[in-house]
Amino acid sequence: MAAKLDYHWHLRKVMADRGMFSTTDLLPLLAERGITLSTSQVYRLVVERPERLSLKILMALLDILDCTMDDLIEPIAAAGTAKKPKKAAAAGSAPESEGLGGLLPKRARIRGVDGP
Numbered sequence: 001m002a003a004k005l006d007y008h009w010h011l012r013k014v015m016a017d018r019g020m021f022s023t024t025d026l027l028p029l030l031a032e033r034g035i036t037l038s039t040s041q042v043y044r045l046v047v048e049r050p051e052r053l054s055l056k057i058l059m060a061l062l063d064i065l066d067c068t069m070d071d072l073i074e075p076i077a078a079a080g081t082a083k084k085p086k087k088a089a090a091a092g093s094a095p096e097s098e099g100l101g102g103l104l105p106k107r108a109r110i111r112g113v114d115g116p
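What follows is the structure, encoded as structure tokens:
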């Protein structure tokens, strides 16, 4: 099974490296490239990690910031994807690591309705 991938979004850091510290600095630069976004959309684009992103917007950001996709998007392994090996149950007894420090539940005994 292939490992699940995730990513880090570095737009805020790349903007800061270029001396752009306000999200509204992007508005006129995007407008020059024919992309009209509201201030809240630009804020979310910079501050949050986008789940869906138009390729036109991505290309405009790369042009505005004079950077590559590797600068903006860093692929990483998704958290919690490391598989733990399955434990084989021992016949008759459970290992001490299961339960609460050596305390194990008692096995239930099922009896008939008529009594013992």
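Using UniProt numbering, the first residue of the sequence shown is number 1, and each one after it goes up by one.
Cβ atoms here follow ideal geometry from the backbone N, Cα and C, with glycine treated the same way.
Everything numeric in this text was worked out from a predicted model, so none of it was measured.
Same chain, Cβ closer than 7 Å to I57, neighbours up to 5 away in sequence not counted: Hits under 7 Å: I35.
Reducing DSSP to helix, strand and coil, say where L32 ends up. First, the residue type needs correcting, since residue 32 is Glu and not Leu in the sequence shown. Of the three classes helix, strand and coil, the one that applies to E32 here is helix, per DSSP.
Using a 10 Å radius around the Cβ and a threshold of 16 neighbouring Cβ atoms, would you call I76 buried or exposed? exposed
Check whether the Cβ atoms of L27 and I64 sit closer than 8 Å, and answer yes or no. no
According to DSSP, is I76 part of a helix, a strand, or is it coil? In this structure, I76 counts as strand in the three-state DSSP scheme.
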